[in-house]
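Engineer: Counting from 1, one number per residue, gives the positions in the sequence shown under UniProt numbering. Beta carbons are placed, not taken as given, at the ideal position from N, Cα and C, and that holds for glycine. Here it is, the structure, as structure tokens.
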Amino acid sequence: MATTWDADEAKLSLTTSGRVHGASRATKLAGPASSAGLTGSAGPRARRRLGPGPAIPFGLQIGPVLLVLTWVVGSALGWIDPRILSAPWTVIEAFVRLIEQGRLQDNFVTSATRALLGLGIGLLIGTILAVIAGLSRIGEALIDGPVQIKRAIPTLALIPLLILWFGIGESMKVTTIALAVIVPIYIHTHNALRSIDSRYVELAETLRMSQKDFILQVVLPGALPGFLLGLRFAVTLCWVSLVVVEQINATSGLGYMIDLARNYGQTDVILVGLVVYVLLGLVSDGLVRLLERRVLSWRRTLAN
Numbered sequence: 001m002a003t004t005w006d007a008d009e010a011k012l013s014l015t016t017s018g019r020v021h022g023a024s025r026a027t028k029l030a031g032p033a034s035s036a037g038l039t040g041s042a043g044p045r046a047r048r049r050l051g052p053g054p055a056i057p058f059g060l061q062i063g064p065v066l067l068v069l070t071w072v073v074g075s076a077l078g079w080i081d082p083r084i085l086s087a088p089w090t091v092i093e094a095f096v097r098l099i100e101q102g103r104l105q106d107n108f109v110t111s112a113t114r115a116l117l118g119l120g121i122g123l124l125i126g127t128i129l130a131v132i133a134g135l136s137r138i139g140e141a142l143i144d145g146p147v148q149i150k151r152a153i154p155t156l157a158l159i160p161l162l163i164l165w166f167g168i169g170e171s172m173k174v175t176t177i178a179l180a181v182i183v184p185i186y187i188h189t190h191n192a193l194r195s196i197d198s199r200y201v202e203l204a205e206t207l208r209m210s211q212k213d214f215i216l217q218v219v220l221p222g223a224l225p226g227f228l229l230g231l232r233f234a235v236t237l238c239w240v241s242l243v244v245v246e247q248i249n250a251t252s253g254l255g256y257m258i259d260l261a262r263n264y265g266q267t268d269v270i271l272v273g274l275v276v277y278v279l280l281g282l283v284s285d286g287l288v289r290l291l292e293r294r295v296l297s298w299r300r301t302l303a304n
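Here it is, written out as structure tokens:
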């Protein structure tokens, strides 16, 4: 029995070793190609990009162009009542007529002057308040509370009070625009100042920077992204406030032209004024975005 068992075990050993040697010889004969195939199948997957992807050429213009095309097609097919919304070609005719009469240019210059004046005053005051509150605890205690109160009160709700203080002249209109601009500039600039990395402050102290150099080389560059973001909001609020104040006892400006056209039921003239406002808003926002890309070109963000 022992001899028979030993013989069977020897046969099994020879068979198994033969298979193993055969498999090893096959692997050797397959060479690097086989190994590469195994590695490729078991290797790591290609890294997937998680960002928004490459920029689309003229991507920001696609939405407005589709909106205008919808307006054109709807007017051409009679889906839009011209008494509710004039056709694009009617608006173009009104646009040309207003230019020939000189009304559009005069009202545009008046509106642009008011907007730029209010925007400039609001930018200056908002930036100064943000720097004082951001760099001084006493300044923050004195300034931040009143600004937050103003933030809770819509600027347009202050118009009756501003009329009592300044009358219905240019001072009231410019002050209303400036008050609307101050809040976003202050909020975003102050937040950016408070978010500056403390290591930069420690480095400035180690280098024994003066207060002036610290503000110019550390504070202002660090607050620049927040300031530019606030500027985008400020520009938008500037035009919104301008539309409102020019429809309150005004005798000139785009808002006055729109309000006068409303009294006479001139939908095409109203749309001309609105189109001018849209162009002003888009151009001003585009200029701020261009400035942001140029000034902050050193940043690597998700949008890049």
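(1) Do you know whose CA, among 277, 260, 187, lies nearest residue 111's CA?
(2) Using the beta-carbon count (16 or more within 10 Å), is residue 152 buried or exposed?
(3) What's the C-alpha gap between residue 213 and residue 253?
(4) With 16 other CB atoms within 10 Å as the buried threshold, where does residue 192 fall?
(5) For a test of the three-state rule: what should DSSP assign to residue 350, helix, strand or coil?
(6) For the structure I just gave you, are there three or more beta carbon pairs, one from the segment 222-234 and one from the segment 90-106, closer than 8 Å?
(7) Under 8 Å between the Cβ atoms of residue 147 and residue 183?
(8) Given this structure, state the Cα-to-Cα distance separating residue 262 from residue 270, to the nearest angstrom.
(9) Mind the definition here: the segment 188-207 touches the segment 69-87 only if three or more C-beta pairs lie below 8 Å; say whether that holds.
(10) Between residue 283 and residue 84, what straight-line distance do the alpha-carbon atoms span, to the nearest angstrom?
(11) If you pair each beta-carbon of the segment 233-244 with each one of the segment 154-170, do three or more pairs fall below 8 Å?
(12) Cα separation between residue 161 and residue 149?
(13) Could you check the C-alpha separation between residue 208 and residue 293 for me, to the nearest Å?
(14) One question on the structure: do residue 247 and residue 256 come within less than 8 Å of each other, judged by their Cβ atoms?
(15) Do the CB positions of residue 258 and residue 273 come within less than 8 Å of each other?
(16) Can you look up residue 48 in the DSSP assignment and give me helix, strand or coil?
(17) With DSSP as the reference, label residue 172 as helix, strand or coil.
(18) Which residues in the same chain have their Cβ closer than 6 Å to the Cβ of residue 204, if we skip the five residues on either side of it in sequence?
(19) Secondary structure at residue 144, three-state DSSP: helix, strand or coil?
(20) For residue 174, does the count of other Cβ atoms within 10 angstroms reach 16, so buried, or fall short, so exposed?
(21) Put residue 92 into one of helix, strand or coil per three-state DSSP.
(22) Which residues bound the alpha helix (DSSP H) around residue 110?
(23) Comparing C-alpha positions only, which one of 236, 232, 264 sits nearest to residue 289?
Structural biologist: Straight from the coordinates:
(1) 277
(2) exposed
(3) 44 Å
(4) buried
(5) Because residue 350 is not part of the residues shown, which for the chain are 1 to 304, the question remains open.
(6) no
(7) yes
(8) 7 Å
(9) no
(10) 27 Å
(11) yes
(12) 16 Å
(13) 32 Å
(14) yes
(15) yes
(16) coil
(17) helix
(18) 214, 218
(19) helix
(20) buried
(21) helix
(22) 103-135
(23) 232
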